[in-house]
Amino acid sequence: MFIAFLDRLATQAGRKVHVIADRHPVHRSNAVRAWLADNADHIELHLMPGYSPELNPDELLNADVKRHVHAARARSADDLAHETRRFLHRRQHQPHIVRGYFHVRYTIQ
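The opening position of the sequence shown corresponds to residue 3 in my numbering, with each subsequent residue numbered one higher.
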């Protein structure tokens with residue numbers, strides 16, 4: 003699945019792409035390493051340090067959801083899912099906040 007994503011990304015980008023990823027085992031697998039070696043002219047993978055949630059925009063979004071969606075108020079899993087979708091829909095219309103998730107300084111070595 004990750005290789006299929008990288009393949010589509012490399013094909014559609016039209017130039018060399020640098021991908022920043024966490025150290026999930028899939029991202030470090032032998033199959034991914036072999037694919038990257040064969041496609042080094044099109045894509046380069048940069049792995050974040052072992053534990054670095056402050057560098058991962060997903061983690062910043064997760065923290066935002068946890069701050070603003072109150073699970074204790076939900077009466078059911080459906081209520082919680084509804085409130086989460088409602089929050090995320092609001093965030094779609096607040097690009098200034100979403101951009102803040104990505105104001106992280108990465109250094110490619």
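Even for Gly, the Cβ is constructed at its ideal location relative to N, Cα and C.
Source: prediction; values computed, not measured.
**Request:** State the start and end residues of the unbroken beta strand (DSSP E) segment that holds residue 67.
**Result:** Locating residue 67 in the sequence shown gives position 65, counting from the first residue. From DSSP, residue 67 is part of no beta strand (DSSP E) but of the alpha helix (DSSP H) over 59-70.
* With residue 4 and residue 28 assumed to form a contact (beta carbons below 8 angstroms), what rounded beta-carbon distance in angstroms separates them? -> In the sequence shown, the residue the question calls residue 4 occupies position 2. In the sequence shown, the residue the question calls residue 28 occupies position 26. The beta-carbon separation of residue 4 and residue 28, rounded to 5 angstroms, stays under the 8 angstroms limit for a contact.
Sufficient close CB pairs (3 or more, under 8 angstroms) joining the region 46-65 to the region 14-23
Taking 8 angstroms as the limit for Cβ pairs, the verdict is that the region 14-23 does touch the region 46-65.
Next item on the list: Measure the Cβ-Cβ separation of residue 103 and residue 57 and say whether it is below 8 angstroms.
Entry: Counting from 1 along the sequence shown, the entry for residue 103 is found at position 101. Counting from 1 along the sequence shown, the entry for residue 57 is found at position 55. No, the Cβ-Cβ distance between residue 103 and residue 57 is not below 8 angstroms.
Self-check item: residue 23: first and last residue of the uninterrupted beta strand (DSSP E) it sits in
Solution: Counting from 1 along the sequence shown, the entry for residue 23 is found at position 21. Per DSSP, residue 23 belongs to the beta strand (DSSP E) from 19-23.
For this session: With a 10 Å radius around its C-beta and 16 neighbouring C-beta atoms as the bar for buried, classify residue 73 as buried or exposed.
Result: Within the sequence shown, numbered from 1, the residue matching residue 73 stands at position 71. Counting of Cβ neighbours within 10 angstroms places residue 73 among the exposed residues, the total staying below 16.
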